[in-house]
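Note sheet for the following structure.
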Amino acid sequence: MDIFSKIARVAKVTIDEINKPESYVKGDSFENYVRHRLFVKDRYDLIQKTHTFNTNKDDYIENTKEPDFKFRSIKTGEEFFV
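Under our numbering, the first residue of the sequence shown is numbered 110, with each subsequent residue one higher.
Listed below in structure tokens is the structure:
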């Protein structure tokens with residue numbers, strides 16, 4: 110990939126991030142908190158995660174309507190949504 114293609118990709122990602130609605134920015138922060146502080150990798154397997162704003166803006170994925178995460182406790186095997 111040449112340098113101009115890389116610059117174009119970086120520009121697109123930057124523009125997409127700038128244009129992301131504030132509600133999605135807050136949602137991303139919440140999801141990061143949930144995964145990295147509450148349901149950490151060494152205790153919970155991540156089974157399912159809602160698709161990103163950028164994925165859904167061009168081709169909406171129906172299971173995005175489901176809760177943000179589905180986890181499984183490594184200790185008990187219990188599965189649950191958050």
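Every residue, glycine too, gets a C-beta built ideally from N, C-alpha and C.
What does a CB cutoff of less than 6 Å around Q157 pick up in its chain, not counting 5 residues either side in sequence?
-> What you label residue 157 is simply residue 48 of the sequence shown in a count that begins at 1. So the qualifying residues of the chain are K179.
Can you grab the Cα-Cα spacing for the pair Y153 / V134, in whole Å?
-> Taking the sequence shown and counting its residues from 1, the one referred to as residue 153 is at position 44. Taking the sequence shown and counting its residues from 1, the one referred to as residue 134 is at position 25. Distance between the alpha carbons of Y153 and V134: 24 Å.
From E171, L155, N163, P176, pick the residue whose C-alpha is nearest to that of E187; which is it?
-> Locating residue 187 in the sequence shown gives position 78, where the first residue counts as 1. It is L155.
Mind checking which residues open and close the beta strand (DSSP E) that includes I156?
-> Position 47 of the sequence shown, counted from the first residue, corresponds to residue 156. Looking at the DSSP string, the run of the beta strand (DSSP E) that includes I156 is 153-158.
So who's on the other strand from K184, going by DSSP bridges?
-> In the sequence shown, the residue the question calls residue 184 occupies position 75. DSSP, once it has assigned bridges, lists no residue as partnering K184.
Is any heavy atom of the ligand HEM found at a distance shorter than 7 Å from the C-beta of Y169?
-> The ligand HEM is not among the ligands present in this structure, which contains no ligands whatsoever.
For the putative contact between E126 and D177, defined by C-beta atoms under 8 Å, what is the C-beta separation to the nearest angstrom?
-> The residue you call residue 126 lines up with position 17 of the sequence shown. The residue you call residue 177 lines up with position 68 of the sequence shown. Not quite, the Cβ-Cβ distance comes to about 19 Å (not below 8 Å), so this is no contact.
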